[in-house]
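Scroll down for the structure; my scribbles are underneath it.
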Amino acid sequence: MRYRLAVVLALATLLGGCSRPEPRPAPATPQPTSTSPTPTPTPSISVPAPLPGFVVLTDFDPRIHADIRYATAHNFVGRPITGYREPLCLLTRQAAEALRRVQDAALAGGHSLKVYDCYRPQPAVDDFVAWSKRPGEQQTKAEFYPDLAKNRLFSDGYIGAPTAHSRGSTLDLTLVDEPAAGQPPYRVGQPLVACTAPRGQRFADNSIDMGTGFDCFDPRAHTADPRVTGTARDNRRLLRRLMTDAGFVNYDREWWHYSLRDEPYPDTFFGAPVARSSVG
C-alpha cells in the first residue's frame, strides 16, 4: 500500500512539473511606431536651374572681345566674386542678337565691342552686399572709388541690389580699336592709380578713351558729365548711339552700363553661376 502511494505521489510531481509554462524570452526593445519622431533628414543642396534661352556671347559672336573683371581680382572688391566660375559673358539670346547688330555697326567704323560684365548671378550681388558691410576691406579703393566713402556706394547708386544684370539682358561694355591692342595683365599688389586719372596714367585698358576707367565710382563716370570733353565725350556719344540704335538703354550714372529695352525676363532674377554649364 505504501509502495503504491509513493508511486502515485511521484507521478503527480512529474506531471505537475511538465505543465508549467516555458520561460519567455526577455521583451524586445520597443520599436518606433507611426507616432514616434522620425530622424532628421540630411539637407539636400539646391542646384540652380539652367538659364533658359541664354548663350555664351563669345560663342554666339566671336568677334566681340571679353574682359570679365568679376572673375578676376581686378575689380572694386579686389578678388574674384562669388558665382563667377568662368570668365564668360552670358546673355539672353535676344540681347546677344541685338549686340551682334551693334558689333556690325561698330566694325564699320573701325571699332569693336568689349564686354566687362554681362549676366550677374544673385549670389554675386549678395557678395557685394556682404562686402559693403565690412568697412576694413578697401584694398582697391585707390583705383575704383578714390574720392567716395565706401558706405555711400549703394546709396549713391553705383552698386544695386537687386540688379538688372541678374535678369540676363544687361551688360557693361566699351569700344576698342579694331584690331584691338594688347592689354597688360593686372597684377595683385601693383600700384593703383585713380580711375579718374588721364588715360595714359590709369590702368592700361585697351578701351578707347571714355574719360574714366570701367567701374569708376565717381560723378565723372556719369554718361553726360560736363567735365568730360573732347575725344572722351565723343566716344561716349558714339557708344550710346550704337547701343540705342539696337534697342538698348543707358544707365546715366555709368557710361558703360546698358540694358535691352524689351528684355525677355523683366521680373526674374536668376541665380545660376557664370559657367558654360549654366546655359541650356
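Under our numbering, the sequence shown has 179 at position 159, and the numbering climbs by one with no breaks. Even for Gly, the Cβ is constructed at its ideal location relative to N, Cα and C. Note that the structure is a prediction, hence the values are computed from the model and not measured.
Counted within 10 angstroms of its Cβ, other Cβ atoms place residue i as buried (16 or more) or exposed
i      : result
THR288 : exposed
PRO286 : exposed
ALA292 : buried
THR251 : exposed
LEU119 : buried
PRO182 : exposed
ARG154 : exposed
SER186 : buried
GLY231 : buried
ALA266 : buried
ALA184 : buried
Distance between residue j and residue i (C-alpha atoms, nearest Å)
i      : j      : result
TRP151 : LEU173 : 11 Å
GLY300 : PRO284 : 16 Å
LEU212 : GLN158 : 12 Å
GLY209 : ALA93  : 10 Å
ALA217 : ASP146 : 30 Å
PRO72  : PRO143 : 18 Å
HIS242 : TYR278 : 13 Å
THR264 : ASP192 : 14 Å
ARG240 : ASN171 : 19 Å
ARG273 : CYS236 : 10 Å
GLY202 : ASN226 : 7 Å
GLY180 : LEU108 : 21 Å
VAL248 : ALA126 : 22 Å
THR112 : ARG99  : 26 Å
ASP282 : PHE268 : 8 Å
ILE101 : ALA91  : 6 Å
GLU117 : PHE80  : 8 Å
PRO205 : ILE88  : 13 Å
ARG296 : ARG83  : 18 Å
ILE228 : GLY130 : 11 Å
ALA169 : VAL149 : 15 Å
SER175 : GLY220 : 31 Å
ALA128 : ARG253 : 20 Å
PHE290 : PRO141 : 6 Å
Check whether residue i and residue j have beta carbons under 7 Å apart
i      : j      : result
SER189 : ALA115 : yes
TYR104 : VAL294 : yes
LYS134 : VAL196 : yes
CYS215 : ARG207 : no
PHE164 : PHE234 : no
LEU280 : VAL122 : no
ASN270 : ARG257 : no
GLU198 : SER298 : no
ALA224 : HIS85  : no
Residue i in three-state terms, based on DSSP
i      : result
TYR165 : coil
LEU127 : helix
ALA32  : Annotation note: pLDDT 37 at ALA32 (below 50); position unreliable, coordinate value reported separately. Helix at ALA32.
VAL75  : strand
TYR90  : helix
VAL208 : coil
ASP254 : helix
ASN171 : helix
VAL299 : strand
PHE3   : The requested residue 3 is not part of the displayed model; the chain covers only 21 to 300.
ASP272 : coil
VAL135 : strand
SER279 : strand
HIS85  : strand
GLU42  : Model confidence at GLU42 stands at a pLDDT of 35, short of 50, so the residue's coordinates are unreliable; what they give is reported in the following sentence. Three-state DSSP puts GLU42 in coil, outside helix and strand.
ASP146 : helix
THR112 : strand
SER189 : coil
ASP197 : strand
Assumed close pair residue i, residue j - CB separation to whole angstroms, cut-off 8 Å
i      : j      : result
PHE74  : TYR139 : 7 Å
TRP276 : THR194 : 6 Å
ASP167 : ASP245 : That belief does not hold up - the Cβ atoms of ASP167 and ASP245 are roughly 14 Å apart, past 8 Å.
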